[in-house]
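Structure record follows, encoded as structure tokens.
Residue numbers (the working numbering): 21 to 613.
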């Protein structure tokens with residue numbers, strides 16, 4: 021155990037942690053690097069240049085004539101995937117804090133750092149990209165010293181591109197990060213920190229052995245679910261899986277026991293022996309709470325069961341996704357899914373299409389609200405159609421977040437305007453270093469859900485970094501905005517909006533739908549309503565046949581007779597005609613700007 025080191029890499033998005041991981045794997049001769057970002061093996065990760073999933077890999081490194089086993093977990097940097105980071109941190113004793121020499125400390129860096137300090141990890145600070153012409157290592161060094169109070173000599177300067185400083189990092193991992201604590205003689209305790217679905221071998225469980233050891237063929241039990249299995253194969257994670265006879269205390273590895281059902285594996289659960297169980301489960305990381313909710317419906321109603329299976333398999337790979345069945349008049353049967361944020365929602369939608377060939381429609385995303393009725397009872401509402409009658413509601417509370425935005429002083433005015441337009445309140449502002457400033461705001465989560473992040477990036481030319489955590493629920497004046505087509509409400513387009521913004525939002529939605537709904541043989545009225553009050557209306561004009569074409573000259577009463585006849589037919593058609601809302605109308609309403 022003295023020769024094992026478990027560590028993860030934490031950083032803001034795009035600070036070069038996956039490239040640095042490549043150099044470490046190359047330096048320790050673990051694998052031959054054939055292309056960049058070897059650990060980001062999903063097509064989506066390669067295309068977007070982001071890490072979506074944590075990846076674990078084992079390296080061996082020789083120092084002073086001794087061989088050390090280093091278990092590295094590369095983590096995502098985007099705020100939507102912070103749950104992945106919290107799980108990786110629970111399985112490690114140390115963390116590399118990577119900061120970009122050209123951009124300095126960013127919001128997500130600080131957030132992940134606090135998470136690591138809470139778990140009592142040893143922090144090894146690294147300044148990456150020092151080979152860049154616009155690098156400012158001295159300034160960034162001062163920022164890191166201010167942030168974690170370390171000695172400037174503790175900070176390692178490195179470059180993921182050229183490989184400079186990689187040896188120093190590996191040395192620091194061995195010398196500064198403590199070996200895992202644990203007792204090999206105690207009953208088996210292993211923490212599940214991830215799981216992978218394999219269509220041939222069932223569910224592969226990734227875990228860290230805290231106490232005891234596990235051998236191939238052992239009978240094991242999952243504490244939370246109470247299920248019992250046989251460990252058919254155990255092993256360690258190189259670039260592929262390597263089977264071993266046993267996994268000992270402190271090691272990170274995998275267990276395959278032919279589990280077929282996705283719901284039987286819970287990330288954060290403890291594995292123990294069936295005949296000599298441990299006394300209590302390991303207290304791992306906190307449970308994740310989804311922030312953004314949206315309805316996910318199959319385009320073809322017959323695909324409902326396939327969508328359920330796809331979501332279950334995806335949940336194994338991404339434990340922060342939650343879902344429950346719901347139905348809608350407009351879209352039929354589907355699921356109400358909880359996501360950590362908008363990028364997470366987009367990624368899930370794309371993965372459903374690519375990995376499971378399931379095409380879906382997603383409704384307008386919204387957050388969860390606490391609704392208090394006049395009898396003092398409280399109900400959590402994730403869906404505007406689940407809102408009780410307005411006359412029965414006493415008040416509604418919505419979630420507020422504490423947002424931290426780090427930017428250069430040039431963009432401060434525009435960013436403040438954006439936050440105040442989104443009903444934000446400034447808490448405080450302070451200079452991080454030189455020209456960079458940190459703003460802290462209290463903002464309703466519902467305002468951030470749709471397009472806040474994109475707007476922030478565009479007004480700051482990509483320089484502002486954003487991080488948030490849920491603070492509390494506060495009373496708000498909210499109204500349910502319904503969209504009616506020919507007097508029939510379309511439940512999939514309902515939203516909850518603040519009373520001050522509801523009328524403008526309704527008007528914009530009607531205008532947008534007018535362009536997107538195809539013309540029919542009859543007029544289509546598009547209306548936005550708050551309760552029983554109509555606040556906006558647009559009309560999609562009917563397509564008319566020219567019934568007067570055959571009347572050349574002659575008496576006007578003859579023409580009128582034909583037009584009246586057509587009018588009656590249109591009226592009858594309207595009674596039986598129903599309006600189909602195309603998929604692109606749903607998507608366009610999300611991106612109203």
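In this text, a Cβ means the ideal position worked out from N, Cα and C, and glycines have one as well.
With distances taken from CA atoms, which of the options is nearest residue i?
| i | options | result |
| --- | --- | --- |
| residue 390 | 383, 404, 368 | 404 |
| residue 24 | 271, 93, 114, 214 | 271 |
| residue 106 | 77, 119, 28 | 28 |
| residue 294 | 327, 132, 561, 240 | 240 |
| residue 233 | 225, 205, 451, 133 | 205 |
| residue 399 | 411, 417, 382 | 417 |
| residue 114 | 130, 120, 93, 125 | 93 |
| residue 364 | 351, 356, 330, 312 | 312 |
| residue 512 | 196, 108, 347, 245 | 347 |
| residue 410 | 393, 508, 421, 338 | 393 |
| residue 22 | 166, 251, 269 | 269 |
| residue 458 | 465, 426, 248, 436 | 426 |
| residue 20 | 138, 331, 528, 314 | This structure cannot speak to residue 20, because the chain is shown only from 21 to 613. |
| residue 516 | 245, 407, 423 | 407 |
| residue 262 | 536, 76, 472 | 76 |
| residue 238 | 265, 228, 224, 221 | 265 |
| residue 522 | 506, 540, 499 | 499 |
Less than 6 angstroms between C-beta atoms, sequence neighbours within five positions excluded: which residues of the same chain meet that for residue i?
| i | result |
| --- | --- |
| residue 497 | 519 |
| residue 83 | 194 |
| residue 197 | 25, 27, 113, 114, 142 |
| residue 201 | none |
| residue 640 | Outside the shown range of the chain (21 to 613) lies residue 640, about which nothing can therefore be said. |
| residue 247 | 284 |
Does the distance from the C-beta atom of residue i to that of residue j stay below 7 angstroms?
| i | j | result |
| --- | --- | --- |
| residue 91 | residue 122 | no |
| residue 387 | residue 345 | no |
| residue 324 | residue 359 | no |
| residue 209 | residue 112 | no |
| residue 160 | residue 119 | yes |
| residue 428 | residue 456 | yes |
| residue 81 | residue 48 | yes |
| residue 318 | residue 342 | no |
| residue 616 | residue 544 | A query on residue 616 cannot be resolved here, the shown segment of the chain reaching from 21 to 613 and no further. |
| residue 207 | residue 110 | no |
| residue 222 | residue 286 | no |
| residue 245 | residue 326 | no |
| residue 225 | residue 168 | no |
| residue 538 | residue 415 | no |
| residue 421 | residue 463 | yes |
| residue 385 | residue 510 | no |
How would you call residue i, buried or exposed, if buried means at least 16 neighbouring beta carbons within 10 angstroms?
| i | result |
| --- | --- |
| residue 33 | buried |
| residue 567 | exposed |
| residue 571 | exposed |
| residue 524 | exposed |
| residue 569 | exposed |
| residue 322 | exposed |
| residue 371 | buried |
| residue 576 | exposed |
| residue 382 | buried |
| residue 446 | exposed |
| residue 490 | exposed |
| residue 43 | buried |
| residue 563 | exposed |
| residue 450 | exposed |
| residue 173 | exposed |
| residue 338 | buried |
What distance in whole Å lies between the Cβ atoms of residue j and residue i, which are believed to be in contact at a cut-off of 8 angstroms?
| i | j | result |
| --- | --- | --- |
| residue 256 | residue 316 | Not a contact, Cβ separation roughly 36 angstroms. |
| residue 219 | residue 336 | With a Cβ gap of about 12 angstroms, residue 219 and residue 336 do not count as contacting. |
| residue 254 | residue 278 | About 13 angstroms; that fails the 8 angstroms criterion. |
| residue 180 | residue 45 | So it is not a contact: roughly 12 angstroms between Cβ atoms. |
| residue 243 | residue 292 | 6 angstroms |
| residue 533 | residue 514 | That pair is no contact at about 13 angstroms. |
| residue 78 | residue 258 | 6 angstroms |
| residue 590 | residue 542 | 5 angstroms |
Excluding sequence positions up to five away, which residues of its chain have a Cβ less than 8 angstroms from the Cβ of residue i?
| i | result |
| --- | --- |
| residue 176 | 144, 145, 146, 147, 185, 188, 189, 192 |
| residue 164 | 117, 119, 125, 145, 147, 170, 175 |
| residue 150 | 121, 157, 177, 178, 179, 184, 185 |
| residue 260 | none |
Ordered along the chain, which non-local residues of its own chain (more than five positions away) have a Cβ less than 7 angstroms from that of residue i?
| i | result |
| --- | --- |
| residue 438 | 475, 476, 479 |
| residue 302 | 209, 211, 230, 290 |
| residue 504 | 547, 549 |
| residue 467 | 442, 443 |
| residue 578 | 571 |
| residue 434 | 479 |
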